[in-house]
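Chains as they are written, first to last, in our numbering: chain A, 1 to 424; chain B, 425 to 683. I have placed the structure first, in the form of C-alpha cells, so that the comments after it can refer back to it.
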Amino acid sequence: MALIDWKADMVRCERCSNCKWVPWQKGPGLEFAQVCPSISKHNFHAYSGAGRYHSSLAYVTDKIGYTEGWLDIIYHCQMCGACDITCKTNRDMEPQEMLLALRAQCVEDGQLVPALMDVMEGLKAEDNMMQSKKADRGNWAKGLKVKDLTKEKGEVLYFAGCRISFDKELQKVARTAISVLKKAGVDVGIFGKEEACCGGRSYEMGYQGEIESFSENNAAMFKAAGIKKIVVSCSDCYHSFKVLYHKIGRKLDIEVLHITEYIAQLIKEGKLKFSKSVPLRVTYHDPCHLGRLGEDWIPWNGVEKKVMGQLVLHDPPKVFRRGKYGIYDAPREILRSIPGVKLTEMKRIEEYSFCCGAGGGCIDSDPDYSLWVAKERITEAKTTGAEAMVTACGWCERNFSDAVNETGDALKIYDIIELVEQAI
Amino acid sequence: MKIIVCAKQVPDPEAPYTAVQVNSDTKEISTKGVAPVINPYDENALEAALRIKDENGAEVVVISVGSKISQAVLRRSLAVGADNLVVVDSPQFKSLDSSSIAYVLSKALEKMGEYDLILTGRQAGDWDLGQTGLILGEILGIPTVNLVRSVKIEDGKVVAEKILPGAYELVKSNLPALLTVSSEVGELRYPIAKRKIQAYKQPIDVWSAEDIGVDSDKLVQIDMSALMPPPDMGRDCQFIEGDSPEEKGKNLASILKGG
C-alpha cells in the first residue's frame with residue numbers, strides 16, 4: 001500500500017502516546033518504560049510513531065514538503081515495530097506499515113541518505129548489504145565439510161545471511177551452527193558464495209523494489225536444490241523469508257526455521273543432548289525480527305468502512321499481527337535446558353523488547369545513534385545481574401559487541417548457538 | 425576548458441520488472457520502492473568528461489533539468505569528480521517534450537556563460553527518445569555529433585569516434601561543440617570515499633524557471649494519447665530432473681520435442 005492509503009490511520013491517531021511506552025500493566029518500571037528507541041533518544045514527539053503519523057498526514061495533505069528535519073525524523077527509526085505493537089494495545093492501527101510506506105515514498109522521490117545509497121549500491125553490485133565482494137561470501141565455510149547445495153541436492157539449507165557471512169567476528173556463529181546441526185545428525189548444506197541477500201533489510205530501508213528480484217532468485221535456488229527446510233541464524237533473514245516474502249505474494253512452500261526453533265526441536269526429539277555445564281548467569285535479548293515482527297503474515301483483502309459517520313470497520317474483519325506469536329519460547333527453552341545457565345529476564349521482553357539499535361539502516365546511516373540505543377539496552381541487561389547477554393541475530397550481536405567495546409563493560413555478548421556448542 | 429554534462433534523473437532502468445507499474449488511467453509509469461538514478465547514458469557522458477579532465481585538465485559542470493530532482497542522486501556526479509552541479513527544478517518541467525527540455529537547457533547555459541564542450545547521453549533510459557541533445561545543439565548553433573563512443577581533445581579541437589553500423593567515423597570539430605555519448609565510452613567510475621563525503625557538503629546551484637528566464641509559453645507538455653502495460657507473456661520455469669547431466673539432457677530434449 002502506498003503512503004496515501006494510510007491516510008485514514010494518520011487521521012485516526014489521537015496522540016495517545018502508547019507508541020512510546022511499554023504498557024504499564026507489564027510493570028516495566030520508570031527506568032525501562034520506553035519502548036521506542038527513536039523517541040527515547042530524541043525526546044521530541046515528532047520522533048515517535050504518532051509524530052510520524054502526524055507529519056505524514058501533513059505531507060499527504062500538501063501542508064509540508066521534504067525538509068532536512070523531516071528526513072532526519074524519518075530515517076532515525078529502527079523500523080523495529082515496537083510502536084506498532086504498543087499502538088495495537090488499544091487501537092486497530094498499523095504504524096509499522098505506514099512507516100514502511102513512508103520510507104518507500106522517500107526512496108521513490110529520491111529523498112535518500114548517502115550512507116544507505118552506498119549500501120544499496122553494494123547490494124545491487126554484489127548481492128549483499130555489507131559492501132563486500134560477492135566472491136568472498138562463502139569464506140566463512142572454508143575448511144568446513146559441508147554439502148554445497150548449488151551442486152548437490154539436500155533437504156536442509158543453512159542460510160548464513162549477509163552480516164554473518166561477511167563479519168569476520170561473527171562468522172563463528174555460522175560455523176558453530178553447522179557444527180551443532182551436524183552433531184545432531186542433520187544433513188545440512190549451504191549455498192556458499194552463491195548465497196544472495198534475502199532482501200529484507202533493503203525493504204525496511206525503503207528500497208522495496210529490491211526484494212522482488214531477491215525473492216525470485218532465492219525461491220528459484222531453493223527449488224533447484226530441492227530444499228524442504230531453511231534454517232537461519234539471522235533474525236532479519238528469518239523475517240524476510242517467513243513474513244516479507246508472503247507479504248509481497250511470494251510465499252515460500254518451504255519450512256522456514258530460525259536456528260533457535262530448530263535446536264529446541266532437536267532437543268525435544270532427543271537428537272541434541274547437553275553433557276557439559278556452562279555456569280553463566282545470562283539475560284536474553286529478543287531480536288525484533290524474530291519476536292514481534294516474526295509472526296506469520298496474515299493476508300487481508302478487504303475494504304475499510306466508516307460506520308455511523310466515524311467508526312471505521314474492516315470488511316471482512318481484519319486480523320492484526322500483535323506480536324504475541326513471535327519466537328519467544330524456543331530460545332528460552334534452549335537456555336533453560338543448558339546445564340549451568342541461569343536465565344534472568346530484563347523488564348522489556350518478548351513483544352515489548354527494546355531494539356538493539358541496528359535496524360532500519362541506522363547502523364549504516366547513523367552508527368552513533370545506533371550505538372546509543374545498544375548502550376541503553378546494555379544498561380537494562382546489567383540491572384538483571386547477568387554476566388552475559390544472549391541474542392539470536394547477527395545484527396544485534398554486532399551492535400551490542402560494538403557498544404560493549406566502546407563502554408568497556410564486562411558484559412559478554414553471545415549468540416545462543418555459542419552456548420549450545422559449549423554445552424554439547 | 426569548461427565541459428558541461430547534461431544529466432537527467434530517471435526511474436532506475438534496472439528496477440525489477442515486478443516493481444514497475446504502468447497506470448493506464450493516469451498514463452504514468454511508477455517504480456515501487458525504487459530510487460531514481462542518473463540516466464545511465466548521461467553517466468557515460470560524465471565519464472567521458474572526467475577522462476578529458478584527467479588528461480587535459482578541465483572544469484566539469486553537471487546540469488540537470490526537471491521536476492522534483494533529487495539532489496542526493498545528482499550529487500553522485502560530484503562524488504566521482506565533477507566540479508559543480510547545477511539543478512534547474514520547476515513543477516513546470518514535469519513531462520516536457522524533448523524540444524522544451526532542450527530550450528530550458530539552452531536558457532540555463534546562457535546563464536552559465538562560456539563553455540567549450542557539451543556532453544549529453546545518447547538517449548534517456550526512461551523514454552529512449554534520443555532527441556534532446558541534438559535539438560540543444562541546433563538551438564545553440566554549434567557543431568553536434570551523435571552516438572559518440574570516444575572523445576579526445578587534440579590541438580584545441582574535439583576528436584570523436586561516431587558509431588556507425590559495423591564501423592565508426594572519426595569526426596574532428598572546432599569548439600564549442602556538443603556530443604551525444606553512447607555506452608561504449610564505458611561505465612562511470614566509482615566514487616572514492618573522501619570525495620563522497622565532500623560531495624554531500626559541497627554547495628550547489630539550484631535555479632528555478634524564473635532564474636534562467638524561461639518563457640512558459642514555449643514549454644510543451646507531452647500529451648500522451650494512451651499508455652498500456654506490455655501483454656503478460658507468462659512464464660513457466662521447470663527444473664529438469666535427472667541423476668546425471670546426460671539424463672538431464674535426454675529429459676530436456678524429450679520435453680523440447682513435446683514428448
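We treat Cβ as the ideally placed atom computed from N, Cα and C, and that holds for glycine.
In DSSP terms, what residue i is bridged to
i, result
"B/ASN447", "B/GLU452"
"A/THR150", "Per DSSP, none; premise fails for A/THR150."
"B/LEU588", "B/ALA591"
"A/ALA388", "A/VAL282, A/LYS412"
"B/CYS430", "B/ILE487, B/THR544"
"B/TRP631", "B/VAL512"
"A/GLN34", "A/TRP21"
"A/HIS246", "A/HIS246 is not bridged to any residue."
"B/THR604", "B/THR544"
"A/ASP315", "A/VAL303"
"A/TYR158", "A/VAL231"
"A/GLY189", "A/LYS147, A/LEU157"
Candidates the options: closest to residue i by CA position
i, options, result
"A/MET221", "B/LYS518, B/CYS661, B/GLU438, B/ALA469", "B/CYS661"
"A/ALA184", "A/CYS396, A/GLY270, A/GLY249", "A/GLY270"
"B/LEU594", "B/ALA548, B/SER607, B/VAL575, B/LYS477", "B/VAL575"
"A/ALA403", "A/GLY291, A/ILE74, A/ALA381, A/LYS7", "A/ALA381"
"A/PRO28", "A/ILE267, A/HIS258, A/TYR352, A/SER337", "A/TYR352"
"A/PRO37", "A/TYR53, A/GLY359, A/ASN405, A/ALA392", "A/GLY359"
"A/LEU343", "A/TRP297, A/ALA388, A/ILE327", "A/ALA388"
"A/ASP366", "A/SER213, A/TYR325, A/VAL113", "A/VAL113"
"A/GLU194", "A/ASN90, A/TYR207, A/ALA135, A/GLY206", "A/ALA135"
"B/GLN495", "B/ASP552, B/VAL630, B/ASP656", "B/VAL630"
"A/ILE227", "A/ILE211, A/ASN217, A/TYR207, A/ASP253", "A/ASP253"
"A/SER275", "A/CYS237, A/LYS7, A/ALA104, A/LEU419", "A/LEU419"
"A/TYR277", "A/ALA410, A/HIS314, A/ILE338, A/ARG321", "For the record, residue 277 of chain A in the displayed sequence is Ser; it is not Tyr. When only C-alpha atoms are compared, the closest one is A/ILE338."
"A/GLU376", "A/GLY357, A/VAL232, A/ALA46, A/GLU295", "A/GLY357"
"A/LYS273", "A/LEU99, A/PHE44, A/MET98, A/ALA423", "A/ALA423"
"B/TRP551", "B/LYS531, B/SER522, B/TYR539", "B/SER522"
"A/ASP286", "A/ILE4, A/ALA82, A/LYS20, A/ILE73", "A/ALA82"
Contacts of residue i in chain B (Cβ-Cβ under 8 Å)
i, result
"A/TYR207", "GLY457, VAL458, ALA459"
"A/VAL429", "Past the boundaries of the shown model lies residue 429 of chain A; chain A is included only from 1 to 424, so the question cannot be answered."
"A/ALA104", "LYS456, GLY457"
Status (buried if at least 16 other CB within 10 Å, exposed otherwise) for residue i
i, result
"B/THR450", "exposed"
"B/TYR614", "exposed"
"A/GLU10", "Glu is not the amino acid found at residue 10 of chain A; the sequence shown has Met there. Buried, since its Cβ has 16 or more Cβ neighbours within 10 Å."
"A/VAL107", "buried"
"A/TRP70", "buried"
"A/LEU102", "buried"
"A/ALA125", "exposed"
"A/ASP127", "buried"
"B/PRO435", "buried"
"A/ASN399", "buried"
"B/GLN445", "exposed"
"B/LEU553", "exposed"
"A/GLN78", "buried"
"A/GLN34", "buried"
"B/GLU471", "buried"
"B/SER632", "exposed"
"A/ARG201", "buried"
"B/LEU502", "buried"
"A/PHE44", "exposed"
"A/VAL22", "buried"
Proximal chain A residues relative to residue i, where beta-carbon distance stays under 9 Å
i, result
"B/GLN433", "GLY110"
"B/SER494", "ASP109, GLY110, GLN111, LEU112"
"B/ALA677", "Neighbours of B/ALA677 on chain A: none; closest Cβ ~20 Å, over 9 Å."
"B/VAL497", "GLY110, LEU112, MET117"
Chain A contact residues for residue i, given Cβ-Cβ distances below 7 Å
i, result
"B/THR442", "GLU212"
"B/ALA439", "GLY209"
"B/TYR624", "PRO114"
Proximity test, Cβ basis, 9 Å: residue i and chain C
i, result
"A/GLU421", "This model lacks chain C altogether, as its protein chains are A and B."
Could you run through the stretch 648-675 of chain B and flag, in chain order, every residue whose CB is less than 9 Å away from some CB of chain A? Only those residues of the stretch 648-675 of chain B whose C-beta falls short of 9 Å from the nearest C-beta of chain A are listed: CYS661, PHE663.
Short-range partners of chain B found in the stretch 220-237 of chain A, where Cβ spacing is below 8 Å: So the list reads ALA220, LYS223, ALA224, given in the order they occur along the chain.
If the cut-off is 8 Å on Cβ atoms, which residues from the stretch 588-619 of chain B count as contacting chain A, listed in chain order? Taking 8 Å as the upper bound on Cβ-Cβ separation, chain A lies near no residue of the stretch 588-619 of chain B.
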